[in-house]
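**Student:** For reference, the structure I am asking about is given below.
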Amino acid sequence: MNLASFHNSRVVPLDKTSRLSVADFRRAVVDRVARGWRLAALFGCPAADRRMGLHAVMANHDAPQLAHCSCEVEDAYPALTPDCMQAHWFEREIAEQWGIRPEGHPWLKPIRFHASHRTGNDAWNRAASDPILPCVTDFYQVQGNEVHEVAVGPVHAGVIEPGHFRFQCHGEDVFHLEISLGYQHRGVERALKGGPDRKTLHYMETLAGDTTIGHSLAYAQALESLAKRHAPARAAAIRGIALELERLANHVGDLGALAGDVGFLPTASFCGRLRGDLLNMTALLCGNRFGRNLVLPGGARFDVELLLRSELLERLEQAMGDVRNAVELLWETPSVMARFEGTGRVGHETAVSLGLVGPAARACGISRDARYEFPSGIFHFAHIPVSVWPSGDVFARAYVRWLEIERSALFIRQQLESLPVGPVFNELSALQPNAMTVSMVEGWRGEICHVVMTDEQGRFRFYKVVDPSFHNWMGLAMALRNQQISDFPLCNKSFNLSYCGHDL
Amino acid sequence: MKLLSLIHPFLALLLAPLLLGVINRVKAVFAGRRGQPLLQAYYDIWKLLGKGAVYSRTTTWVFRAGPVIGLTAVISALMVLPFAGQSGVISFSCDFVVMAYLLGLARFFTIAAALDTGSSFEGMGASREAQFSALAEPALLLGLAALAVQSSSLSLSDIFTQLNLQAWMKVGPAILLVAAAMAVVLLAENSRIPVDDPNTHLELTMIHEVMVLDHGGPDFAYILYGAALKLWLFAALLVNVLMPVQASNVPVNFAVALTGMFVAAIGVGVVESIMARLRLLKVPQLLVGAAVLSTLALVLLLR
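As you go down the protein sequences, you meet chains B and C in turn. Residue numbers for the first sequence follow this note's numbering, so the first one is 105 and each next one is one higher. Residue numbers for the second sequence follow this note's numbering, so the first one is 1138 and each next one is one higher.
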């Protein structure tokens, strides 16, 4: 079945999109995923007459292209999940948000624990008056002698976000881990409807606080393509620098935290400080350590002056020297490597069938990087090699981060040394009405995907956000199979997924 | 009982929390930090003593008895330990077995208190503690047995007064093996890296700390103080083995032994600073290794 293919941040008029019957839609998605495509987004969107549109955005990483198709359903449709595991979490989201039942879904449970957006339609036939409490639900259970259950969270010992983890254990071994989130659900997607307005950018910057640049860049790209106006070259370079600085800071912080989790002090302490140094470089760019108020639809709010440029280069040089010393200590210390190697292994096939993204996927030997396959902005011109490692364990996830740190630092240096001249902001005109765009950015956690549809007035008819964590939480659950429960914190940190980015 | 033998328990009760301060300071220096005050453990204990305690409705007297019995048992164990050439406050034949099992009693009640909460975390911690201490105990007892053979006596005080330079000249390698085993037992029994990480806040990976999660206020102060005393006890054992003090001058003997104690603390700090924690699966191998060293020493001395 032929679907119109398009590229990252290109506009497709809504009347030119492929509308299929439910059976064809199902076949189109399942066939493509079986051929190696990945489900970048699958979501419900209200259509006319209380009917619901189901939309799928698929990405082909081997011959880079995107495809979209949709169909209309009423209250139920045959689930995709039995034939396409990547749909598992998406279909649960659709069932919860719109009260549509994916018939035959093997594990249909809410993922965020809120009432259906279509009042009166509930996939579980819960009465409207019943309160919905987060994570009050049936969990997968293993029965038998010597099998015990460990519940962790939502309140954790560290200063981290809330999430509930349910382990089925046999002694110290984990048979199964079920992850239940939703505590951070704010209803961002619904609040974006009818936008863009003054608040929209701030919603984007706080979708996941540690990915401020990533999400605001995806939003800016979407608006620029709908307004048919590029950001100036200088702004594109500055945004690329900020995106890579965000990656540097978070990867360095993660490597430090991994060292901390195995009780290896030197790297833990130094990386903690270095993360701060790198965040301060972002603060030099825009006055905020997390990069708020830097990316605007149409460009960047701040220019990089000559003095600032040399200051940044100098600081980068210094920080990278220290990072190299601290991180190489990890690979040289046998007691650290003994903890990292072979822990939390995710097989290549599992990673492919779950549709993992970002460093978690690249650590399973999958070459998948939106900067390379679906480039936008500065990445059209400056390519960053994709960092891949085959072993799929904690070591691989740590080592891929280190490779990316080196390559991002090189990229930042090159961009700072050859910043294009010109303005940093282009005023955007009105958005194209009745159109759709898919905007992808490779954030530090992986592929960020925003799908935007406009109405007759060029306002947001629908705004879908897919944070990389949405794809990857299942990967963490699989990584824990047959592992020691005491290695969970290490595995968790090696993924370092976002709770609020998932809960939205 | 000599009056001088009372000095050691007095020093231990006074200085034990300082050992923790020294370890933390060494770790801070390695990490390039200024670190917490040397006396932080004292402040913590003082602060906790001033607090109230909260008891879960699901717990019984066992939960409340745990910290008290734990602390009392460790203090009692200190009484048989010789230090700086002075014999223990009490000494009798086979008192080293009593010392080992007073520590065992403390552990039993800590584990029982942990199980009493019914928390899955504490149950896991208790199971790990039971498993690892069962493996650490042979290393300790066999090591002490080797020393007993060397000195042909069954009382700790005699064992260590007869462990002098001549003994080192004669059977030094065997004593060194015992010291190595004791060092491993010291790290394991005091939940230090590479066996446990005293700084971690991750309940799924902890061993000792997770068993005392539900204790608060004065109970937790007793636990902290008991842990400091236990560290002192094992460090003193190690110092007794490695630095047999011989001078006739009592103050010099004490100065040398105390220096040894702080060197041991610095050693623990260095180990924690330069290596990562073992995977829990590998801990038994380390402890069995220590037991093998002790056994080897015993065989060498029996020969």
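Built from N, CA and C at the ideal position, the CB exists for glycine as well.
#1: Output the distance between the C-alpha atoms of B/Arg289 and B/Gly605, rounded to the nearest integer angstrom.
#2: What residues from chain B crowd round C/Gly1404, counting only those whose CB sits closer than 9 Å?
#3: Say whether chain C places a C-beta atom closer than 8 Å to the C-beta of B/Ser439.
#4: If you measure between the beta carbons of B/Leu535 and B/Ala331, is that distance less than 8 Å?
#5: Could you please give me the residues that DSSP links to B/Tyr567 through a beta bridge?
#6: Would you check if the distance between the CB atom of C/Leu1218 and the CB atom of C/Ala1373 is smaller than 8 Å?
#7: With a floor of 4 residues, list each alpha helix (DSSP H) that falls wholly inside the region 1276-1303 of chain C, ordered by position along the chain.
#8: If you measure beta-carbon to beta-carbon, which residues of the region 1146-1173 of chain C are closer than 8 Å to chain B?
#9: Taking 8 Å as the threshold, find out whether the region 116-135 of chain B comes into contact with the region 332-341 of chain B through three or more Cβ pairs.
#10: DSSP state of B/Thr315, grouped into three classes?
#11: Using only alpha-carbon positions, find the residue among B/Glu176, B/Ala361, B/Val134 and B/His487 that is nearest to B/Leu434.
#12: Quick one: grab the DSSP three-state call for B/Val161.
#13: Counting pairs of Cβ atoms below 8 Å between the region 1175-1187 of chain C and the region 1346-1358 of chain C, do you hit three or more?
#14: Strictly under 8 Å for the Cβ-Cβ distance: is B/Ile264 near chain C by that measure?
#15: So the candidates are B/His274, B/Val292, B/Arg270 and B/Gly291; which of them puts its Cα closest to the Cα of B/Glu282?
#16: Roughly how many angstroms lie between the CA atoms of B/Ala404 and B/Met385, to the nearest whole one?
#17: I want to see whether chain B comes within less than 8 Å of C/Pro1331, judged by CB atoms only; does it?
#18: Between the C-alpha atoms of B/Leu369 and C/Gly1169, what's the straight-line distance to the nearest angstrom?
#19: Quick one: using the 10 Å Cβ neighbour count with 16 as the cut-off for buried, is B/Asn576 buried or exposed?
#20: Starting from C/Thr1342, find everything on chain A with Cβ-Cβ shorter than 7 Å and list it in chain order.
#21: Straight-line CA distance for B/Pro625 to B/Asp314?
#22: Could you list the residues in the region 1302-1327 of chain C with a C-beta less than 8 Å from some C-beta on chain B, going in chain order?
#23: Determine the contact status of B/Arg393 and B/Val356, defining contact as a CB-CB distance below 8 Å.
#24: Any beta-carbon of chain C closer than 8 Å to the one on B/Phe243?
#25: Counting only C-beta atoms, is B/Asp497 closer than 8 Å to chain C at any point?
#26: For the beta strand (DSSP E) that C/Phe1340 lies in, which residues bound it at each end?
#27: Does DSSP put C/Thr1396 in a helix, in a strand, or in coil?
#28: Should B/Gln190 be labelled buried (16 or more other beta-carbon atoms within 10 Å of its own) or exposed?
#29: Could you tell me which residues DSSP puts in a beta bridge with B/Ala144?
#30: Judging by CA-CA distance, which residue of C/Ser1385, C/Pro1381 and C/Ala1365 is the nearest neighbour of C/Leu1176?
#31: So B/Ala255 contacts chain C; which residues on that side make the cut at Cβ distance below 8 Å?
#32: With 16 other CB atoms within 10 Å as the buried threshold, where does C/Leu1302 fall?
#33: Name, please, each residue of chain C whose Cβ falls closer than 8 Å to the Cβ of B/Pro258.
#34: Name the chain B residues whose beta carbon is nearer than 8 Å to that of C/Arg1201?
#35: Go ahead and label B/Gly462 buried or exposed: buried means 16 or more other beta carbons lie within 10 angstroms of its beta carbon, across all protein chains shown.
#36: Quick one: Cα of B/Gln422 to Cα of B/Thr558, how far?
**Tutor:** Quick answer:
#1: Position 185 of the first sequence, counted from the start, is the residue given in the question as residue 289 of chain B. Position 501 of the first sequence, counted from the start, is the residue given in the question as residue 605 of chain B. The sequence shown places His at residue 289 of chain B, rather than the Arg named in the question. A straight-line Cα-Cα distance of about 9 Å links B/His289 and B/Gly605.
#2: Your numbering for residue 1404 of chain C matches position 267 in the second sequence. Chain order gives no chain B residues near C/Gly1404, where near means a beta carbon separation below 9 Å; the closest approach is about 15 Å.
#3: Here residue 439 of chain B corresponds to residue number 335 of the first sequence, with the count starting at 1. Nearest CB-CB separation between B/Ser439 and chain C: below the 8 Å threshold.
#4: In the first sequence, the residue the question calls residue 535 of chain B occupies position 431. In the first sequence, the residue the question calls residue 331 of chain B occupies position 227. In contact: B/Leu535 and B/Ala331 (Cβ atoms closer than 8 Å).
#5: Taking the first residue of the first sequence as 1, we reach residue 567 of chain B at position 463. The bridge partners DSSP lists for B/Tyr567 are B/Val556.
#6: Counted from its first residue, the second sequence places residue 1218 of chain C at position 81. Counted from its first residue, the second sequence places residue 1373 of chain C at position 236. It is a contact, given that the beta carbons lie within the stated cut-off.
#7: Correct list: 1293-1298.
#8: Result list: Lys1164, Phe1167, Ala1168, Gly1169 and Arg1170.
#9: They do not touch, by the three-pair rule.
#10: As a working note, residue 315 of chain B is residue 211 in the first sequence. If DSSP states are grouped into helix, strand and coil, B/Thr315 belongs with the helices.
#11: Along the first sequence, read from residue 1 onward, the residue named residue 434 of chain B stands at position 330. When each option's Cα is compared against that of B/Leu434, the closest is B/Ala361.
#12: Working through the first sequence from its first residue, we reach residue 161 of chain B at position 57. If DSSP states are grouped into helix, strand and coil, B/Val161 belongs with the strands.
#13: Three or more beta-carbon pairs separated by less than 8 Å link the region 1175-1187 of chain C to the region 1346-1358 of chain C, which places the two stretches in contact.
#14: Residue mapping note: residue 264 of chain B aligns to position 160 of the first sequence, counting from 1. Judged by the 8 Å Cβ criterion, B/Ile264 is not in contact with chain C.
#15: Position 178 of the first sequence, counted from the start, is the residue given in the question as residue 282 of chain B. Nearest option by C-alpha distance: B/Arg270.
#16: In the first sequence, the residue the question calls residue 404 of chain B occupies position 300. In the first sequence, the residue the question calls residue 385 of chain B occupies position 281. Note on geometry: alpha-carbon atoms of B/Ala404 and B/Met385 lie some 16 Å from one another.
#17: Indexing the second sequence from 1 puts residue 1331 of chain C at position 194. It does; some Cβ of chain B falls within 8 Å.
#18: Working through the first sequence from its first residue, we reach residue 369 of chain B at position 265. Working through the second sequence from its first residue, we reach residue 1169 of chain C at position 32. Spanning the two alpha carbons is a distance of roughly 10 Å.
#19: Position 472 of the first sequence, counted from the start, is the residue given in the question as residue 576 of chain B. Within a 10 Å sphere around the beta-carbon of B/Asn576 sit 16 or more other beta-carbons, which makes this residue buried.
#20: Of the protein chains in the structure, B and C, none is chain A.
#21: No information on residue 625 of chain B is available, as it lies outside the stretch 105 to 608 that chain B covers here.
#22: Within the region 1302-1327 of chain C, no residue qualifies.
#23: Position 289 of the first sequence holds residue 393 of chain B. Position 252 of the first sequence holds residue 356 of chain B. Their beta carbons are not under 8 Å apart, which means B/Arg393 does not touch B/Val356 by this criterion.
#24: To locate residue 243 of chain B, count along the first sequence from 1; it is residue 139. Chain C contact via Cβ: absent.
#25: For the purposes of this step, residue 497 of chain B is taken as the residue at position 393 of the first sequence. Under the Cβ criterion of 8 Å, B/Asp497 is not counted among the residues facing chain C.
#26: For the purposes of this step, residue 1340 of chain C is identified with residue 203 of the second sequence, where counting begins at 1. Reading the sequence as shown, one finds Glu at residue 1340 of chain C and not Phe. Taken as a continuous stretch (DSSP letters only), C/Glu1340 belongs to no beta strand (DSSP E), as it is neither H nor E.
#27: Here residue 1396 of chain C refers to the residue found at position 259 of the second sequence. In this structure, C/Thr1396 counts as helix in the three-state DSSP scheme.
#28: By 1-based counting over the first sequence, the position of residue 190 of chain B is 86. Counting Cβ neighbours within 10 Å, B/Gln190 comes out buried, since at least 16 surround it.
#29: On the first sequence, residue 144 of chain B is found 40 positions in, with the first residue counted as 1. Listed as beta-bridge partners of B/Ala144 by DSSP are no residues whatsoever.
#30: Stepping through the second sequence from its first residue, residue 1176 of chain C is reached at position 39. If you compare the alpha carbons of C/Ser1385, C/Pro1381 and C/Ala1365 with that of C/Leu1176, the shortest gap goes to C/Ala1365.
#31: Working through the first sequence from its first residue, we reach residue 255 of chain B at position 151. In chain order: Ser1257.
#32: What you label residue 1302 of chain C is simply residue 165 of the second sequence in a count that begins at 1. Classification of C/Leu1302: exposed, given that the 10 Å Cβ count is below 16.
#33: Within the first sequence, residue 258 of chain B is the residue found at index 154, counting from 1. Result: empty, since nearest Cβ-Cβ is about 14 Å, beyond 8 Å.
#34: Position 64 of the second sequence, counted from the first residue, corresponds to residue 1201 of chain C. Residues of chain B passing the Cβ test: none, with the nearest at roughly 24 Å.
#35: Within the first sequence, the letter at position 358 stands for residue 462 of chain B. B/Gly462 should be labelled buried.
#36: The sequence position of residue 422 of chain B within the first sequence is 318, counting from 1. The sequence position of residue 558 of chain B within the first sequence is 454, counting from 1. Roughly 46 Å between the two C-alpha positions.
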